Amino acid sequence: MKFAILILFVGIIVVINCDVIKEEFKCVENVPYRENDCNNCFCASGKLGCTAKACMSDVQATFKNCEVGTTWKKDCNQCWCIEGAGTICTARMC
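Going left to right, the sequence shown walks through residues -18 to -1, 1 to 76 as mature numbering (1 follows the signal peptide of the UniProt record, and there is no 0) numbers them.
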């Protein structure tokens, strides 16, 4: 009985974790990006460059403290959590 409960518990954890996808961010030129829902970003020679506005709201803190390596959709945009940067999303008009 204990073993069956353990298997059920592990199965639930696996299903819950399937919602978060791990994907490496690749900077694409001519695609607008937004960092932590504040700074505008662009790619040059495969490197991401962003404006340096001082964004201090709780929302930006939440975006900055994401789980590195995860990716998700925000409306029609794709988002990634990048080490040292926080949340980077494409900035397309939806």
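Beta carbons: idealized from backbone N, C-alpha and C, even for Gly.
Since the structure is predicted, the reported quantities are computational estimates derived from the model, not experimental observations.
Between which two residues does the alpha helix (DSSP H) holding residue i run?
| i | result |
| --- | --- |
| phenylalanine 24 | Where phenylalanine 24 is concerned, there is no enclosing alpha helix (DSSP H), although the beta strand (DSSP E) it sits in stretches over 21 to 26. |
| threonine 44 | 40 to 46 |
Leaving out the 5 sequence neighbours to the left and right, which residues in its chain are closer than 7 Å to residue i when beta-carbon positions are compared?
| i | result |
| --- | --- |
| phenylalanine 7 | Trp62, Ile64, Ile70 |
| isoleucine -14 | Bear in mind that the predicted position of isoleucine -14 carries a pLDDT of just 41, short of 50, making it unreliable; the figure below should be weighed with that in mind. Same-chain partners within the cutoff: there are none. |
| valine 41 | Asp19 |
Kindly list the residues whose CB is nearer than 6 Å to the CB of residue i, restricted to its own chain and excluding five residues on each side of it in sequence; keep chain order.
| i | result |
| --- | --- |
| leucine 30 | Cys9, Cys23 |
| glutamine 60 | Thr72 |
| cysteine 76 | Asp57, Cys58 |
| asparagine 21 | Cys32, Thr33, Lys35 |
Less than 8 Å between C-beta atoms, sequence neighbours within five positions excluded: which residues of the same chain meet that for residue i?
| i | result |
| --- | --- |
| valine -4 | Low local confidence applies: a pLDDT of 39 at valine -4 is under 50, so the model's placement there is unreliable, with the coordinate-based value given in what follows. Here the set comprises nothing. |
| lysine 55 | Cys61 |
For residue i, which of the options has the nearest alpha-carbon?
| i | options | result |
| --- | --- | --- |
| threonine 44 | Ala73, Thr72, Glu17, Asn59 | Glu17 |
| serine 27 | Trp54, Asp57, Glu11 | Glu11 |
Can you round the beta-carbon distance between residue i and residue j to whole angstroms, since I take them to be within the 8 Å contact cut?
| i | j | result |
| --- | --- | --- |
| proline 14 | alanine 73 | 4 Å |
For a test of your reading of the model: does the CB of residue i fall under 6 Å from any non-hydrogen atom of the ligand PLP? Yes or no.
| i | result |
| --- | --- |
| asparagine 22 | The ligand PLP is not among the ligands present in this structure, which contains no ligands whatsoever. |
Which two residues bound the contiguous beta strand (DSSP E) that contains residue i?
| i | result |
| --- | --- |
| glutamate 17 | 15 to 17 |
| glycine 68 | 68 to 72 |
| cysteine 63 | 59 to 64 |
| cysteine 32 | 29 to 32 |
- Query: Between the region 19 to 39 and the region 48 to 55, are three or more C-beta pairs nearer than 8 Å?
  - Reply: no
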